[in-house]
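**Q** What follows is a single structure, and I will ask about it in a moment.
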């Protein structure tokens, strides 16, 4: 999944996402202390021995976050204030990505359509109540999960932690509930409200919601308007 996301956002396979990230980086720099950000990027470039731009800084942030989670020491040339600034910039951009309707459709459209289709097929099976195939598992990325949560209306989420997950439950009465687990060891998921449904959604309403909100025009969504 990470390789697919890198293709979408970096190698030009989806012009819109490349355009969005470039323009969004400029917006972020303009919204914050430009001098402070430039000093941070210059510092990181010097210590890493290669030019570090905003995108490369995000890779470093991922690395540093993993080190902290594994109780490893950060490099001595990164202090708390610098890491906090990296985190602030990272959060600001991911929030904008999560909340972008076209990017939502590109990143989670195929996945959530597959989830709704699985539920629809399962509920229409004559052996629906007896079936043993009662679980589908999909691996994703923090951006996949964050985008999914924003689509569902949870715009308070910052950065999904390691092992975070979203659970879509289909019940025998053909209603759906969604639960969010913010970390791998969280055993008490948070029930999520589904747009236009509330905390419990009729399967037909859920399928209609997904079909109406998520198009299959992914190639068109990847084009920059006006081109």
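In the numbering used here, the protein residues as written are 117 to 343.
Built from N, CA and C at the ideal position, the CB exists for glycine as well.
Remember, it's a predicted structure, so these values are computed and weren't measured experimentally.
#1: Contact between the segment 291-305 and the segment 201-209 is defined here as three or more beta-carbon pairs at a separation below 8 Å; is this criterion met?
#2: Can you have a look at residue 331 and say buried or exposed, based on whether 16 or more other CB atoms are within 10 angstroms of its CB?
#3: From residue 77 to residue 250, what does the alpha carbon distance come to, in whole angstroms?
#4: So for residue 155, helix, strand or coil by DSSP?
#5: If you run the structure through DSSP and keep just helix, strand and coil, what is residue 317?
#6: So what does residue 292 bridge to, in DSSP terms?
#7: Locate the alpha helix (DSSP H) running through residue 236, then write down its first and last residues.
#8: According to DSSP, what are the bridge partners of residue 185?
#9: Please name the residue, chosen from 186, 283, 292 and 240, that lies closest to residue 306 on a Cα-to-Cα basis.
#10: Quick check on residue 267: buried or exposed, where buried means 16 or more other Cβ atoms within 10 Å of its Cβ?
#11: What number of angstroms, rounded off, separates the C-alpha of residue 59 from the C-alpha of residue 137?
#12: So, using beta-carbon positions, are residue 153 and residue 161 closer together than 7 Å?
#13: Kindly indicate the opening and closing residues of the alpha helix (DSSP H) around residue 202.
#14: Take residue 219 and list the residues in its own chain whose beta-carbon comes closer than 6 Å to its own, dropping the five residues that flank it on each side.
#15: What residue from 289, 274, 189 and 171 has the CA that sits closest to residue 134's CA?
#16: List the endpoints of the continuous alpha helix (DSSP H) containing residue 335.
#17: I'd like the list of long-range same chain contacts for residue 279, defined as Cβ closer than 7 Å, with 5 residues on each side in sequence excluded.
**A** Well, looking at it:
#1: Judged by Cβ distances under 8 Å, the segment 291-305 makes no contact with the segment 201-209, as fewer than three pairs qualify.
#2: Here residue 331 corresponds to residue number 215 of the chain shown, with the count starting at 1. If you draw a 10 Å sphere on the C-beta of residue 331, you find fewer than 16 other C-beta atoms in it, and that means exposed.
#3: Missing from the structure shown is residue 77; the chain here goes from 117 to 343 and no further.
#4: Here residue 155 refers to the residue found at position 39 when the chain shown is read from its first residue. Of the three classes helix, strand and coil, the one that applies to residue 155 here is helix, per DSSP.
#5: Sequence index remark: in the chain shown, residue 317 carries index 201 (1-based). Residue state, collapsed to three classes: strand.
#6: Locating residue 292 in the chain shown gives position 176, counting from the first residue. 286 and 317.
#7: For the purposes of this step, residue 236 is taken as residue 120 along the chain shown, with counting starting at 1. Here the alpha helix (DSSP H) through residue 236 covers 217-240.
#8: Counting from 1 along the chain shown, the entry for residue 185 is found at position 69. Residue 185 pairs with nothing; no bridge assigned.
#9: Along the chain shown, one-based indexing puts residue 306 at 190. Of the candidates 186, 283, 292 and 240, the one whose C-alpha sits nearest the C-alpha of residue 306 is 283.
#10: The residue you call residue 267 lines up with position 151 of the chain shown. Classification of residue 267: buried, given that the 10 Å Cβ count is 16 or more.
#11: What the structure shows of the chain is the stretch from 117 to 343, and residue 59 is not part of that stretch, so it cannot be assessed.
#12: Taking the first residue of the chain shown as position 1, residue 153 is located at position 37. Taking the first residue of the chain shown as position 1, residue 161 is located at position 45. Going by C-beta atoms, residue 153 is not nearer than 7 Å to residue 161.
#13: What you label residue 202 is simply residue 86 of the chain shown in a count that begins at 1. Annotation: the continuous alpha helix (DSSP H) that includes residue 202 extends over 196-214.
#14: Indexing the chain shown from 1 puts residue 219 at position 103. Within the same chain, residue 219 has close Cβ partners 213.
#15: For this step, residue 134 is matched to residue 18 along the chain shown. Of the candidates 289, 274, 189 and 171, the one whose C-alpha sits nearest the C-alpha of residue 134 is 171.
#16: Here residue 335 is taken as the residue at index 219 of the chain shown, counted from 1. Where residue 335 is concerned, the enclosing alpha helix (DSSP H) stretches over 334-337.
#17: Reading the chain shown from its first residue, position 163 is the one you call residue 279. Correct list, in chain order: 299 and 300.
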